[in-house]
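Below is one structure, written out as structure tokens; comments come after it.
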Amino acid sequence: MGDFLLYHKDRIAERAVQSALSSLAKQGSVNPRLAEHHSYVLQVFPKQKSPLDNFFEDEQGNFCGSSGCFIYKGRMGKDALTLFLADFSPDQYEPGDFSGLFTLIIRKNDRLYLITDPMGGNRVYQNDTESLWSSSFLSAAAASPHLTPNPQAIYEYAFQETTYGGDTVFKEVTCLDSLKIFDVTPDGLIARPKNLTFDFSPSSAACPQLVEEAVALLRDGVKPVANVFGDKIRTALSGGYDSRLMLALLQDSGSRPQVYVYGPDDSPDVKVAKNISAGADFPLHHINKADYPRLSGAKYAAAIEDNFYGLDGLPGEGIFDFGANMDTRRQRADHGHMVFNGGGGEIFRNFFYLPQGRFTINNLINSFYSRYSTSICQDGFNEGDYRDALHDKIRVALGASSDLLNREQVEYAYPAFRLRYWTARDNNNNTRLGPYLTPFISYPLIRLALTIPLAHKNHGVFQAAVIKAISPELAAYPSDYGYAFDEPVPLKVKIKNYLTYYRPTFLRRYSYAIQHRMRELTLPDTLAGQYKNPHMSHYFKLDEIKDAGLLGRVYTLEYLFTHFGI
């Protein structure tokens, strides 16, 4: 299924349910399949661009429905649901059996359960009375009779493009704990822990052996998808590692995917992709989103509204564009194509650009989660409180017992915090359209990646070796880093990287604020003529914002709050 709505009919008003359904309809989710379990009602919606069946019910009335992309023991669709329903026991959650980001709702032996993927990437939103749950943030908000702002989450979204932990920008709408599975009982949800185990110590195995293990896991993850979809797969190709690795894996699996690239003719991504497609002799679909016509008046208002509903209110990129975003997403998903996305490939690289050693959670916040300037915030913003809340959310996500992290725990912050709350946030928006997979966000892969010594990850050496092991031909083409993935990393690149690795974290904390102070705002056409005295002026000094992306997110927040009459 695409979206879903689950509610307790005796504990929520019918008008609230209808408001949620109306919101889902505006998002394109219609014609749901209805299933009931005592006082609970489940409505599951088909994907908007795909015929893939994601609901199965047996003769005994047991059922299993999936939202997102569900792969179980190498099977997809009805086969995966049938096998999982037969295997399922609430006491035996085996994370290594799954791939994809998904939510499952299962009825078995007259009991109801809600389960998410091992990394908890598929968000489930609930209302404040814990009587309604949905894959859609907007539908959960629409079902809430009163909404009040959550300042912490407002700042998180504006600064970091998403919200973290259980928070959303409304206090009455929260996310289920991504580290738990749930019994859905007459009295509400009862949480159970997932059986996730990680080794936070580097492997003693040689690099070639680790490369071989990674290649085997990657092939195991992609092969079942290629078996189901064949050539009916679309994937991007850019100048970096992740898209090259995806293409190598798909070709290695026997698929001939449809390949596309975004950007202007002179962009490094487009130049690299065109060079590879010409040399490897496969078609390349080039799309320059800047070529979309500039809209105004009612047409632009309609495009913004389409983005608002299609991207569930608060996408990381904001909702202000001339229609290219949703149009290209729908094109990718049309006719039931599987879409691959390279999010998560940085598990094989030194994502945070930190050296070997121990770091505190505050060091991590300084390094990556300080993309803000207090100068643009109103007096009500308390930087200490904001950072303390982030600190606590990171600690919970990591399961850390101490503020001091070893280097492998720092690496774990990438999948456990960055991927779970930033990368995966957009998955719901794509999976409501059609099949969509981020193959690198995989529990077995992440377990392995955490044991890869940092020396192998530095400068992209390990990921380049993985690409070369799968496809020496593709590895031989130049990248937008200035070198091919089958040749040594140039010394000047290593020196540049080391200068970043060893830059003190206390200096990194202020990098964005200093750069923001020095820049001049270049207002894109998409933001021209927007709000002059918005609600968000309670939180931000709009005239002081010089970052167009941040301003776009602030205006997106304003649109959301106006939509709900706040």
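The working numbering applies: residue 2 is where the sequence shown begins, and numbers increase by one.
For glycine and all other residues, C-beta sits at the position ideal for the given N, C-alpha and C.
Note that the structure is a prediction, hence the values are computed from the model and not measured.
- A residue is called buried when at least 16 other Cβ atoms come within 10 angstroms of its Cβ; Gly62 does not meet this threshold and is exposed.
- Counting only runs that start and end inside the segment 263-337, the alpha helix (DSSP H) elements of at least 4 residues fall at 269-281, 298-311 and 325-334.
- For the 7 Å CB-CB criterion, Ile234 and Met77 do not form a contact.
- Assigned with DSSP and collapsed to three states, Leu133 falls in strand.
- Asn110 is the residue among Leu492, Gly101 and Asn110 whose C-alpha sits nearest the C-alpha of Pro91.
- DSSP, reduced to helix, strand and coil, places Gly75 outside both helices and strands of the structure shown, so it counts as coil.
- DSSP places Ser205 in no alpha helix (DSSP H); its state is neither H nor E.
- Excluding residues up to 5 positions away in sequence, Phe57, Leu82, Phe85, Leu86, Leu105 and Ile107 lie with their Cβ nearer than 7 Å to the Cβ of Cys65 in the same chain.
- Shortest Cα-Cα distance from Ala192 to any of Ile515, Leu113 and Leu251 involves Leu113.
- Nearest neighbour of Lys394 by Cα position, chosen from Ala281, Gly483, Ala414 and Arg433, turns out to be Ala414.
- Distance from the Cα of Arg518 is smallest, within the candidate group Lys547, Ala302, Leu7 and Met247, for Lys547.
- If you draw a straight line from the Cα of Asp232 to the Cα of Pro258, it comes to about 5 Å.
- Rounded to the nearest angstrom, the gap between the Cα atoms of Asp526 and Tyr301 is 11 Å.
- For Ser374, same chain residues with a beta-carbon under 6 Å away, outside a window of 5 residues either side, are Ala514 and His517 in chain order.
- Here the alpha carbon of Ala143 sits roughly 5 Å from the alpha carbon of Ala21.
- The distance from the Cβ of Leu543 to that of Ile155 is about 14 Å, inconsistent with a contact at the 8 Å cut-off.
- The closest CA to that of Val174, considering only Asn196, Ala237 and Glu131, is found on Glu131.
- Collapsing the DSSP output to three states places Phe565 in coil.
- Within the model, the alpha-carbon separation for His38 versus Asp168 is close to 29 Å.
- In the structure shown, Ser179 adopts coil according to DSSP, grouped into three states.
- A contact between stretches requires three or more CB pairs, one per stretch, nearer than 8 Å, and the segment 458-465 fails this requirement with the segment 259-274.
- Put simply, of Glu474, Cys70, Thr563 and Ser368 the residue whose alpha carbon is nearest the alpha carbon of Ala281 is Glu474.
- Taken through DSSP and simplified to helix, strand or coil, Arg34 comes out as strand.
- In this structure, DSSP gives Arg235 an extended state, which the three-state scheme calls strand.
- A contact is defined here as three or more CB-CB pairs under 8 Å, and the segment 204-211 fails this definition with respect to the segment 313-321.
- Counting along the chain, the unbroken alpha helix (DSSP H) around Ala466 starts and ends at Val462 to Ile471.
- When the five nearest sequence neighbours on each side are left out, the beta carbons in the same chain lying within less than 6 Å of the beta carbon of Asp487 are those of Lys469, Ala476 and Ala477, in order along the chain.
- By the neighbour-count criterion, in which 16 or more other beta carbons inside 10 Å mark a residue as buried, Ser376 falls on the exposed side.
- Excluding sequence positions up to five before and after Tyr387, its CB lies within less than 7 Å of the CB of Gln153 and Tyr156, all in the same chain and listed in chain order.
- Assignment of Glu384 by DSSP, reduced to helix, strand and coil, places it in the helix class.
- Following the DSSP letters along the chain, one finds Leu248 inside the alpha helix (DSSP H) bounded by residues Tyr242 to Asp253.
- In the DSSP assignment, Ala192 forms a beta bridge with Phe183.
- Minimum Cα-Cα distance from Pro203 among the listed residues Pro194, Tyr556, Tyr502 and Val411 corresponds to Val411.
- Following the DSSP letters along the chain, one finds His9 inside the beta strand (DSSP E) bounded by residues Phe5 to His9.
- Counting every other CB atom within 10 Å of its CB across the protein chains shown gives Asp322 a total of 16 or more, marking it as buried.
- When rounded, the separation of the alpha-carbon atoms in Tyr482 and Ser239 is 11 Å.
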